[in-house]
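Line order of the protein sequences matches chains P and H.
Using our numbering, read the first sequence as starting at 34 and increasing by one per residue.
Using our numbering, read the second sequence as starting at 1198 and increasing by one per residue.
Working notes, beginning with the structure itself.
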Amino acid sequence: DLKAAFFSSGWLKNVDGIYPLELTADFLDGAFDKKVLLAIQPENINDEDFNPWEHYVVFRMIKGSRVAKTTKQQKALQDAGISDDTWYYVALSIPTVVVIACVVMYFFLYLNKNHRDIHDVKDFAINQRRRVLGKFKDFKKYKKINNRPYSELPTHTKKTGKQN
Amino acid sequence: RKNIVKPKEKTTTSEIPKPWRRTIYSNEKEIVTPTVIAGVTFSAKPPATTNGLEPWISLDQSGNPKTKRPQIKGGKTVNPRPDYSTYFKSVATKTFSYDELKAHNMEEDEVYEELTFTDEDDTYVSLNPIIRCTPQRYFNKGPAGDISSEPFCTPRENKELKAGNTYFVSWYTRFFQYPDSDKTVENVQLHLFYLKESVYEKGLKKR
């Protein structure tokens, strides 16, 4: 009934047949969208007998999408030369620091190239690789041969009398 | 570097249309003050000469005003001004008996009824430039689309209306009449109610 109405236009001249309905944001009660029923009450029907579902239209009221445009304030700030593009500086500075660090490391290594001995590291890396094969004497198959890297080819020997 | 968006300068006329005077009902002088609502000027001074191609204002389905400019293309008028036929005329039936009419093909006891349409008083109605709502522009609503939207023409059912905007609600003025006479109701009131929606009705539409 009428008590549930959150907006009433007051009595309008019916002869106009038109009403400019201004939807304000507080109609939404903080929600993003609301389903709203628009009803019309002629003057010969009093408030108690009025049934909103008799002559009505249902529409959806939404807050509307907000486009992130440079608003007037931002534009005015930019015109005044105040621009808050700190993130520019951050975006630019990080790669610059990385590049400078690389260059410094390069020159540091280049200058120390004769004062450097990493054979232990190199050997360790190669041993790691050899570890895949392991030591020959450990191989069961080659246990009797002395460190021959190749497997022996089959040999066809003549049969001795004893074997006949 | 992001180019600064320079919106085009909107030509806004800050000038308020000036009041103008006219004579109504043959001898009564009146000062009319135009008002601008949502970009539409109501009670504007009519042009001195009319050629039927003056711009008029239509409403889209949500109730937004749209300016229409009639043009003559190929002998036909495109976007003509709305024609309300007899929706805003008051109809009277006049009966003629045989004695009054004496038609040669009329029986003696026959009665002839004639409908006469009288124009409405458009002294003030003509100041409204927006298209008026007539039963022709009703639409169907409801889940099955079988309920007429009478007396409303705008806004349409389930339209999305944005907060902060102004929409024109239009209804057929002669829809409400006093029960004991066919006089049109003088005043009406509009009300807005919240509707509770089931999750199903709300749907999963992403905001």
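Glycine is no exception: its CB is placed at the ideal position from the N, C-alpha and C atoms.
Beta bridge counterpart(s) of residue i as assigned by DSSP
i: residue 152 of chain P; result: Looking at the DSSP assignment, residue 152 of chain P forms no beta bridge with any residue, so it has no partner.
i: residue 38 of chain P; result: H:1390
i: residue 1356 of chain H; result: In DSSP, residue 1356 of chain H forms no bridge with anything.
i: residue 46 of chain P; result: H:1384
i: residue 1289 of chain H; result: H:1313
i: residue 1323 of chain H; result: Answer by DSSP bridge pairing: none, since residue 1323 of chain H is not bridged.
Chain H contact for residue i (CB, 7 Å cutoff)
i: residue 69 of chain P; result: yes
i: residue 149 of chain P; result: no
i: residue 126 of chain P; result: no
i: residue 142 of chain P; result: no
i: residue 97 of chain P; result: yes
i: residue 84 of chain P; result: no
i: residue 87 of chain P; result: no
Contacts around residue i, its chain only, beta-carbon distance under 6 Å, and the 5 residues preceding and following it disregarded
i: residue 1274 of chain H; result: 1267
Nearest candidate by alpha-carbon position, reference residue i, set the options
i: residue 1373 of chain H; options: H:1354, H:1385, H:1276; result: H:1385
i: residue 1234 of chain H; options: H:1363, H:1317, H:1377; result: H:1363
i: residue 98 of chain P; options: P:189, P:58, P:37, P:81; result: P:58
i: residue 40 of chain P; options: P:50, P:135, P:71, P:137; result: P:71
i: residue 50 of chain P; options: H:1330, H:1342, H:1396; result: H:1330
i: residue 1265 of chain H; options: H:1271, H:1257, H:1272; result: H:1257
Amino acids of chain P, ordered along the chain, whose beta-carbon sits closer than 8 Å to that of residue i
i: residue 1286 of chain H; result: Residues of chain P passing the Cβ test: none, with the nearest at roughly 14 Å.
i: residue 1346 of chain H; result: 90
i: residue 1355 of chain H; result: 91, 92, 93
Interface partners of residue i on chain P, CB under 9 Å
i: residue 1235 of chain H; result: 53, 55
Contacts that residue i makes with chain H (C-beta to C-beta distance below 7 Å)
i: residue 49 of chain P; result: 1325
i: residue 159 of chain P; result: In chain order: nothing, as chain H lies at least about 52 Å away.
i: residue 94 of chain P; result: 1358, 1360
Cutoff 7 Å: residue i Cβ touching any chain P Cβ
i: residue 1390 of chain H; result: yes
i: residue 1366 of chain H; result: yes
i: residue 1394 of chain H; result: yes
i: residue 1264 of chain H; result: no
Cβ-based neighbour list, residue i, same chain, cut-off 7 Å, excluding 5 preceding and 5 following
i: residue 1288 of chain H; result: 1312, 1314
i: residue 73 of chain P; result: 88
Chain P residues whose Cβ lies nearer than 7 Å to that of residue i
i: residue 1329 of chain H; result: 50
i: residue 1322 of chain H; result: 48
Closer than 8 Å at the beta carbon, the chain H residues around residue i
i: residue 46 of chain P; result: 1383, 1384
Close Cβ partners of residue i (< 8 Å) along its chain, the five nearest in sequence each way excluded
i: residue 1222 of chain H; result: 1320
i: residue 1292 of chain H; result: 1308, 1309, 1310, 1311
i: residue 1324 of chain H; result: 1229, 1239, 1240, 1241
i: residue 1217 of chain H; result: 1228, 1229, 1231, 1242
i: residue 1391 of chain H; result: none
Interface residues of chain H facing residue i [CB-CB closer than 9 Å]
i: residue 113 of chain P; result: What residue 113 of chain P touches in chain H: nothing, since even the nearest Cβ is about 13 Å away.
i: residue 206 of chain P; result: Summary: the structure shown does not reach residue 206 of chain P, with chain P confined to residues 34 through 197, and so no result is reported for it.
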